[in-house]
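First comes the structure, then the notes that go with it.
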Amino acid sequence: MVVCRASPAVVRRRVAASCAVYVAWDNRRGCRYVGSVCRQGPGAADDRLAEHYAHRTAGVARRASWCLLTVLPLSEEISLEAVRVAEGWTARLLNPADGSAHPRVDLVHTPAALVSRAHRRVEFMDPSGVTRGTA
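Residue numbering for the sequence shown is 1 to 135, as defined by our numbering.
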């Protein structure tokens, strides 16, 4: 997790993730916005923040009120669906003042339940390629 000033230049220097959930905070530490990004390249988060600031109607207000940004980098191998689930749960928990088009969350399968189901069987092979066991 990275917490930094909500500036594309600062985010560019501090965050090198192509997939992430991000939270914009105001100067009173109130949650203003929750979003996500999943694009190619390490500058995805700062590019997305710059797009928010360039928005023709909301950009000026965002630049004025978004003081801090929390970026939760995600694995590059994560699916877009999983990124959206993470965004949905983050928005549900933080209840941002701005933005309302967040992905729906599955209230039956909480993040803890999804993580506990995510255990995969991993095969271990010796150097010759022979399977020696699973975990």
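Where is the CB? At the ideal position from N, CA and C, for every residue including glycine.
Keep in mind that this is a model prediction, so the values were computed, not measured.
Looking at the secondary structure, which residues open and close the alpha helix (DSSP H) in which residue i lies?
| i | result |
| --- | --- |
| Ser93 | The sequence given here has Leu at residue 93, not Ser. That run of the alpha helix (DSSP H) goes 80-94. |
| Ser49 | Note on residue identity: the sequence assigns Leu, not Ser, to residue 49. Its alpha helix (DSSP H) spans residues 44-54. |
If contacts are defined as beta-carbon pairs under 8 Å, then residue i and residue j qualify, I think. What distance do you get, rounded to the angstrom?
| i | j | result |
| --- | --- | --- |
| Ser18 | Glu76 | 5 Å |
| Val197 | Arg92 | Here the chain covers residues 1 to 135 and nothing more, so residue 197 does not appear. |
| Val15 | Ala45 | 5 Å |
| Asn27 | Cys67 | 5 Å |
| Arg63 | Tyr53 | 5 Å |
Just to confirm the assignment, what range does the beta strand (DSSP E) spanning residue i have?
| i | result |
| --- | --- |
| Ser36 | 31-38 |
| Pro63 | The question names Pro, but residue 63 is Arg in the sequence shown. First-last for Arg63: 59-65, but that is the alpha helix (DSSP H), not the beta strand (DSSP E). |
Let me make sure I understand the geometry here. Which of the options has the alpha-carbon closest to that of residue i?
| i | options | result |
| --- | --- | --- |
| Ser65 | Arg13, Pro103, Gly30 | Gly30 |
| Val85 | Val37, Arg5, Ala6, Met1 | Val37 |
| Asp98 | Arg32, Pro42, Ala9, Val3 | Arg32 |
| Val23 | Val60, Ser79, Thr70, Ile78 | Thr70 |
| Val11 | Gln40, Pro73, Leu80 | Pro73 |
Pull the bridge partners of residue i from the DSSP assignment, please.
| i | result |
| --- | --- |
| Arg5 | Leu68 |
| Val21 | Ser36, Leu72 |
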